[in-house]
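This report concerns only the one structure given below.
Numbering (the numbering used here), first residue to last: 31 to 1035.
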C-alpha cells in the first residue's frame, strides 16, 4: 500500500510540473506615457515568437500568461516607439516614448484616419506642441515654414489682420483661393466681416477667433486624392484642425500657460531731414528753369523760407512706433474615465500693434466632451466660444491713415500750429490727431460648435451623425470727431452689424474590416446639407452737436441700408480604401455637390479621385539591398471644384431698388443672368516617394504635382448697350505645377538627449493658360493678367538707365516706335517666389530644450510704393523725400539709377507718360527670417512631486529675431492691397512684422 501511495505522489508531482511548464505563470504590469505619466489604454502586449497577447485596459494595466521559462514582451501602440521588455519580474512598469518617426504616425484624412505608411495622398502634418508658444493671433500663421507646398505670409504686422495662404499655388482669378478650414468636423467660414474702410487692406482674419493653444494637430491635405472627398470646397487644399480631447482612463490634469512679450519694429522709416529737403527743393526749382536767385529756400531777408541749414526737422516717425506688449493666459483641464472624457480650455490674448493705436484682444473658451452611453452609442460635442475686440486703423492708399499722415508730410513742417492745434498739410491728417482720437471699434462674437452621435452596429460598421454651426457676428462703431479730416465739419459716424451663419448636417456610414490578416478594407459613404446666410445692416450719421455725443441718434443727418443673401449646398460622397499585406494600397473617392449659386441645369458637380501606393521596402528584392527602412511609391489623380468667393446669386438676373425719381421708388437692372454658370474644376495629379534610412533616423518626402484649373469664374465684359458692363461666365484656365522636398532627421532619441531637424523646400510655377483678354488690376493698374504669364505679374515701364549726360531716365521702347507710350509697359517680374521653405531644429538635454525655426523665400518681387511717392523728384508738392533722393543725378558723368530732380513731364523722370510707373521701384523681395528661437527648462518630476506639481517649464523666446533681405522697405512680408483681387507684394504704408521677445511658463497640476 505504501508503495502505491509513493507511486501516486510521484505521478502527481510530475503532472503538476508538466502542467506548470505548459501554463507557466501570469505576469502583470502597467504601461504609461513618458510625457504625462498617464496610463495608456489599448496598448498591445504580445509574447515574442508566439500568438499570445493582450491589450491594456483603460488605466494602462495588463496581465498575460507566460511560460515559466520567461520570455520577451513586445509592447506597441500607434504613435509610440515599440519596446521589447524581458519578463523577469511578476509586475512590470513600462514607459512608452512618443514615436517621432513620420511613417508610423496616424494622420487625419477626409472623414477618416489612416496610417501614414499606407497613405497614398500628399498630406502634411504639424503637431500643436511644435507651434503653441508663437505670439500670433491665428493658427494659420503658425504653419509658416513648417511644411511643404504651403505658402503663408502675413499681409502686415497688424494683430488679427489678414493672412495670405496658398496651398500649391493660386488657382482662380475671381473666386476664392483660400483653403477650406475644418475644425473638429466644422467647416469654418473664412469671410472677413469688418466693414470699416481701411484702404485696401483685409481688415481682419476670421481664423483669429480660434485659440492656437487648443490645437492638438493640423493636417494639410494637398493633392486631389486627399481633397476630392470635399468636392467643390477642396480645390484650394484643406486644412484640418483637430483640437485637444480627453483620454479614457486618465487622471484629470490642470495646465496653466502664460507668456508676456514685448515687441518693436526691427526697422523704421527714415526720411530726409529739413535741411536735406530744402536742398532738394532748391535743386528741383533750378532744374525746372527757375532763377537761382529766387530759389524757395533762401534767406528770409530776401523773401525766402530761410536757408537750407536753417530748416528744422520734426520727427513724426518716433510718434508712430512704440514698444508693444503681448499678453497671453491659458487655463485648461483634461481627463476622463472609461465612460466620459473631457477637455476644457479658457484663454485671454491681447496684442498691441507696434504702430499706434491699433490693438487686438480675445477671450476664448473651448469645451470638448465625449460620452459612451453604452457599448454601442457614443455622443459628444466640440464647442468653441470667442469674443474679440479690434481698434482698427487705416493705412496704405488712404491719406487719413496713421502711417501716411506721419510718413508723407514734409519733415520741416511743424506738427502743431502756433495756437497749439493739430497742423494738417494737403490731404493728410495730423498723425497725432489720429493716434489720440481714432475711434474705430470692432467687436466680434464667434460660436463654432459640433454635436455628434456615433452608433456601432458591429465592430466593423459605424454610423455617425453630426450637426454643426459657425456663428460669426461683428459689431462696429466708428466716430470721427471734428479734430480729424474725416470728421469735418461737425463729426461723422458709421455703425455696422454683420452676421455670417453656416449650418451643416452630416451623416457618414463607415465599414472597416481585415480579412485573414491580409486584406484590409475601409468603405465610407455619406451626405451633407449646408446653408450659409450673410446679412449686414449699416447706419451713418453726420452733423453732431458735440464731440461728446457720438451715437448716430444724436446726428442731424442719418442714412441706413441693409442686405441679406443665402446659399445652400447638398452633397453625397463615398470613399473606399483597400490594403494588401500593408504593402499595396488603393484609394478611390467620389463626391457629388449641388450648389444654389449655379444655373438650374449646371448645379451638380462630380469630383472623383483615385490613388495607389506601393511599399517597395516590403519586397524581398528591396530588402536585399539593406539600404531602405521604408520605401514607398504613391500616385494619385482627381478632380476638385471651387465656388467660393462669388455672389450667392451669381447665375441669376438681378434687379435692384433705389433707382428713385422725384421721391418715387424705382428699380434698375443690376446683373445679367447666366443659367449655364457652373463650377471651376481643378484636375490634379501627384506622384510621391517616401523614404526612411539609417534605422529610420532620416526621412525624405518627395512630391511632384500638376494642377490645371479650367472654367474659371470670370467677369467677362459685354457690350454696354445691353445695360451691363460684364457677366460672370466660365472662361479661362490657370495651371500650377511644382515639387516639394521634406527632409526630417532624428539624429538622437535617447531618454536624456534628443536632437531632431527638419528642412523643407517647395517650388510652384503658376501660369495663366487661357484668358479672353488681358486684365489690369491694383492701384494704377500695376498688376496685369495675360495669357502665358503668371498671376501677380507687375506691368510697368522698364528703366534701362539714367543718361549720364542729361540725367534723364531712359526706358525700353518695346514697340520700337521711337516714343515712350503706354504700349511700352511690359511684364517686368511677378510676386511669386522661385522657391520657399523652412528649417527647424530641436535639441533637448535632460531638462533643457533649444528650438530654432527659419523661413525663407527667394526671387519674389515687391513694388515699393513708399519709394514711388517719396522719391518723386519734386512732383509731389505736399510730400517729403526719402534719403534715396539724395543719390539723384546732379552733373554730367554721374552714374546713378535716380534721375535728376524735375517736374518737367517731357523728361519722363517722375511724371509725364511714365508717371513714375517704372520698375525703378520694383525690388527683390527675397528673405531669410529667424522665425523663432527659444530656450526652455523643464524641472525634474522628482522635485516637483514634493510640491504636488505634475510639470513645470519656463522658457524665453524671440520671434522674428533677424531678417536678411535685399529689400529696402521695412518688411518683405507685405501686401497693402490684400483686399484687391490678384495683387500681392504691394508695400504702401504698411505695418511691418514685429520683433518680439517673450518669457513664459507652463504649469501642470
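Beta carbons are placed, not taken as given, at the ideal position from N, Cα and C, and that holds for glycine.
In whole angstroms, give me the CA-to-CA distance for residue 401 and residue 540. When rounded, the distance between both Cα atoms is 20 Å.
Specify the secondary structure class of residue 718 as computed by DSSP and reduced to three states. Three-state result, residue 718: strand.
Which two residues bound the contiguous beta strand (DSSP E) that contains residue 798? 783–800
So, helix, strand or coil for residue 632, using DSSP? helix
Express the C-alpha separation of residue 328 and residue 322 in angstroms, rounding to a whole number. Residue 322 and residue 328: Cα-Cα distance of roughly 10 Å.
Just to check my reading of the structure: residue 985 and residue 1030 have Cβ atoms closer than 8 Å, yes? What is that Cβ distance to the nearest angstrom? 6 Å
Given a threshold of 16 other Cβ atoms within 10 Å of its Cβ, counted over all protein chains shown, does residue 737 qualify as buried or as exposed? A residue is called buried when at least 16 other Cβ atoms come within 10 angstroms of its Cβ; residue 737 meets this threshold and is buried.
Between residue 224 and residue 209, is the Cβ-Cβ spacing less than 7 Å? No, these two residues do not count as a Cβ contact at 7 Å.
Counting along the chain, where does the beta strand (DSSP E) carrying residue 620 start and finish? 614–625
Quick check on the burial criterion: 16 or more other C-beta atoms within 10 angstroms. Buried or exposed for residue 547? exposed
Going by the CB atoms, is the gap between residue 181 and residue 7 shorter than 7 Å? With the chain represented from 31 up to 1035, any question about residue 7 goes unanswered, as that position is not in the structure.
Bridge partner(s) assigned by DSSP for residue 524: 508 and 570
Residue 652 lies in the alpha helix (DSSP H); which residues open and close that run? 650–653
Which listed residue (254, 1021, 753 and 1032) has its alpha carbon closest to that of residue 982: 1032
Using C-beta distances below 7 Å, list every residue in its chain close to residue 52, excluding the 5 sequence neighbours before and after it, in chain order. Low confidence applies here, because residue 52 scores a pLDDT of 41, under 50, leaving its location unreliable and the question unanswered by this model.
Residue 747 - partner residues in DSSP beta bridges: 756
Within the region 240–315, note down every full beta strand (DSSP E) run reaching 3 residues or more, in order along the chain. 245–251, 268–273 and 280–295
Residue 996: buried (16+ other C-beta within 10 angstroms of its C-beta) or exposed? exposed
From the DSSP output, in three-state form, read off residue 899 for me. In this structure, residue 899 counts as helix in the three-state DSSP scheme.
Can the beta-carbon of residue 823 be found closer than 7 Å to that of residue 860? yes
Would you check if the region 946–959 and the region 335–355 touch, i.e. whether three or more CB-CB distances between them fall below 8 Å? no
Measuring alpha carbon to alpha carbon, tell me which residue in 74, 904, 384 and 172 is nearest residue 159. With distances taken between CA atoms, residue 159 lies nearest to 172 out of 74, 904, 384 and 172.
Three CB pairs or more closer than 8 Å across the region 663–679 and the region 141–159: Flag = yes, the region 663–679 and the region 141–159 touch.
Kindly indicate which three-state DSSP category residue 1025 falls into: helix, strand or coil? strand
Tell me the DSSP bridge mates of residue 375? 362 and 396
So for residue 828, helix, strand or coil by DSSP? coil
Where residue 685 falls, given that 16 or more other Cβ within 10 Å makes a residue buried: exposed
If I follow the unbroken beta strand (DSSP E) through residue 173, where does it start and stop? Taken as a continuous stretch (DSSP letters only), residue 173 belongs to no beta strand (DSSP E), as it is neither H nor E.
Could you tell me the boundaries of the beta strand (DSSP E) in which residue 183 lies? 180–184
Alpha-carbon to alpha-carbon, residue 394 and residue 361: Cα to Cα, residue 361 sits roughly 11 Å from residue 394.
Quick test of your reading: residue 668 and residue 254, contact by CB under 8 Å. State the CB separation rounded to the nearest angstrom. 3 Å
For the ligand FAD, I want to know if residue 681 counts as a neighbour, meaning its beta carbon is within less than 6 Å of at least one of the ligand's heavy atoms. For the ligand FAD, the structure offers nothing, since it holds no ligand at all.
Three or more beta-carbon pairs under 8 Å between the region 680–695 and the region 724–736, yes or no? no
If the criterion is Cβ atoms closer than 7 Å, does the pair residue 213 and residue 271 meet it? A contact, by the Cβ cut-off of 7 Å.
Output the boundary residues of the beta strand (DSSP E) element that contains residue 161. First-last for residue 161: undefined, no H or E at that position.
Sorted by chain position, which residues of the same chain lie with C-beta nearer than 8 Å to residue 366's C-beta, five sequence neighbours on each side aside? 276, 277, 278, 279, 280, 372 and 400
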